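In this note's numbering, the protein residues as written are 110 to 250.
Glycine is no exception: its CB is placed at the ideal position from the N, C-alpha and C atoms.
Keep in mind the model is a prediction, meaning the values are calculated, not measured.
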Amino acid sequence: MSDTPKTGPTEQSVDAFLAQVEPPLRQADGITLRQFFEDVTGYEAVIWGSSLIGFGAYHYRYASGREGDSFYVGFSPRKTNLVLYLALGEDDVSERLLASLGTYRRGKSCLYVKRLTDIDLDVLREMIEHSIRTLRDMYPS
C-alpha cells in the first residue's frame, strides 16, 4: 500500500466485526474474502483501526524519516463497496493483473469492488501474492 492506514492492529474480533456488516451480500462477501485472504497469505485476519481487515504486517521507513507499521494486504467491507488494499504500482505485472481483474474502480491506494462476482478470484490471488512480494522487497525485515 502506498498510503498506509494511520491505524494499528487491534484485539477486536474479526468474526464479531463481520457479523455486523450490512447489507447481507456485503457481509457474505466479507466472510468469503476473509477466508480467501487467509488461504492465500497464510496470515490470520486482524482488525486494524475500526474497519480494516489486514493480513500480515511489516515495518516501513521512508527516506523522509517517517516510519510505521502496516498490513501487507487487506480489505474493508463497506456499505457500498468492498475496498481492497493491495500494493499495486505502475509496473507491468500490476498493470497486466488490473487489466484482467474484472469490474472495479481504482482509488489512490485501493480498489473498489461492488461484489465478488464482479472480479476474477484467480487474478485477485495473483495480485495478493504480487503485493506481498513487492512489500517484502521494499521493506525487508
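- As a beta-bridge residue in DSSP terms, Ala154 pairs with Phe164.
- Here the alpha carbons of His239 and Glu204 stand approximately 12 angstroms from one another.
- For the stretch 175-250, the continuous alpha helix (DSSP H) assignments of 4+ residues that do not extend past its boundaries occur at 201-210 and 230-247, in sequence order.
- In this structure, Gly158 keeps its C-beta atom at 9 angstroms or more from the C-beta atom of Thr189.
- In the assembly as shown, Ser185 is a buried residue. Its beta-carbon has 16 or more other beta-carbons within 10 Å.
- In the structure shown, Pro118 falls within a strand segment according to DSSP collapsed to helix, strand and coil.
- For the options Ala137, Leu161 and Asp200, the alpha carbon positioned closest to that of Thr119 is the one of Leu161.
- Contact between Ala172 and Thr243 does not hold, since the beta-carbon distance rounds to 18 angstroms and is not under 8 angstroms.
- Under the 10 Å beta carbon count, Gly183 is surrounded by 16 or more other beta carbons and is classified as buried.
- In this structure, the alpha-carbon of Gln129 lies about 8 angstroms from that of Gln136.
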